Ligand code: C2E
Ligand code: CA
Ligand code: CA
Ligand code: CA
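Numbering (the UniProt record's numbering), first residue to last: 436 to 714.
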């Protein structure tokens, strides 16, 4: 057992070294990616069930690595948060979203609201209010066309400060949505104080919907509370027609998921909207 212990210690040291090496490499690669413009935003449409139209889309970052190909945000965003690069990457996302909104408008497309995901670090280490307002005015974009998707865990660190910032943004017309609702520690009292116009039901509730009556009850409860607080309800990760029907019949306002569309390039979204209007 002693022998084994020593071996695993040596192993541990070597692994530590390797891990540190790898972390350094990834953090350098992320820095370079920003410089070399390797990031891209893809957009996933949300269907408004009341109008039958696509009036907004979520911006989702992609990393087009020159050798490794497309890298998903689920992999590199947590690393960027850890290495302190999320403020710069997040600033790029806000800038690129606003630039794209103004480009779509210049191309004559009907205005689309874009939802941007925020990370906790962006609230803590960046003046997010000034960043957002400056970027909107730089591109001449009206604030109502930008939505910020915020998770409950983002706010936990300093709830009072976060509430203040999001209230200020909301007062100036920027939309706030609560993302991944139901997965964190949100209490209903927090919901009431939060200046959000939309609430996104996490995919994990949508997944088991067709065969688990418990999930349907949870969704009904969330919809009821959200509507009473004046918020729209968006269901994310909707893949099947059964899920779609249940969500529509139980009061959801927007549907987002592969059943409508995967996230697509900015250039594809105009065509997609024209298609869906024709249907
Ligand atoms: P999220 O905000 O919960 O985004 C939804 C994720 O579900 C996206 O994954 C989307 O592509 C995926 N999705 C949408 N519809 C379906 C569906 O019907 N089925 C399935 N299986 N998946 C679906 P993605 O693009 O890989 O993003 C993962 C996460 O990375 C996001 O989760 C978000 O937390 C984060 N993220 C993405 N872009 C950004 C960004 O620009 N900034 C920050 N801070 N985080 C981002
Ligand atoms: Ca999101
Ligand atoms: Ca989400
Ligand atoms: Ca989610």
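Glycine included, each C-beta is placed from N, C-alpha and C at the ideal position.
Given the structure is predicted, the values throughout are model-derived calculations rather than measurements.
Option nearest residue i by Cα separation, candidates the options
{"i": "residue 685", "options": "643, 657, 492 and 613", "result": "657"}
{"i": "residue 529", "options": "506, 489 and 572", "result": "572"}
{"i": "residue 464", "options": "587, 488 and 512", "result": "512"}
{"i": "residue 699", "options": "666, 549 and 479", "result": "479"}
{"i": "residue 514", "options": "612, 669, 494 and 556", "result": "556"}
{"i": "residue 650", "options": "617, 471 and 546", "result": "617"}
{"i": "residue 666", "options": "522, 702 and 612", "result": "612"}
{"i": "residue 638", "options": "664, 531, 669 and 569", "result": "669"}
{"i": "residue 501", "options": "646, 525 and 471", "result": "471"}
Where residue i falls: helix, strand or coil (DSSP)
{"i": "residue 693", "result": "coil"}
{"i": "residue 500", "result": "strand"}
{"i": "residue 544", "result": "coil"}
{"i": "residue 605", "result": "helix"}
{"i": "residue 670", "result": "strand"}
{"i": "residue 554", "result": "coil"}
{"i": "residue 717", "result": "Residue 717 lies beyond the range of the chain shown here (436 to 714); nothing can be said about it."}
{"i": "residue 567", "result": "helix"}
{"i": "residue 658", "result": "helix"}
{"i": "residue 528", "result": "helix"}
{"i": "residue 590", "result": "helix"}
{"i": "residue 576", "result": "coil"}
Bridge partner(s) assigned by DSSP for residue i
{"i": "residue 480", "result": "492"}
{"i": "residue 613", "result": "585 and 634"}
{"i": "residue 475", "result": "497"}
{"i": "residue 505", "result": "499"}
{"i": "residue 549", "result": "492 and 581"}
Same chain, Cβ closer than 8 angstroms to residue i, five either side skipped, listed in chain order
{"i": "residue 705", "result": "539, 542 and 544"}
{"i": "residue 564", "result": "600, 603 and 604"}
Sequence-distant residues of the same chain with beta carbon closer than 6 angstroms to residue i, five excluded per side
{"i": "residue 508", "result": "496"}
{"i": "residue 673", "result": "641, 679, 690, 692 and 694"}
{"i": "residue 597", "result": "558 and 590"}
{"i": "residue 586", "result": "614 and 615"}
Residues of its chain near residue i, where Cβ-Cβ distance is below 7 angstroms and the 5 sequence neighbours each way are ignored
{"i": "residue 609", "result": "567, 578, 581 and 583"}
{"i": "residue 499", "result": "473, 475 and 505"}
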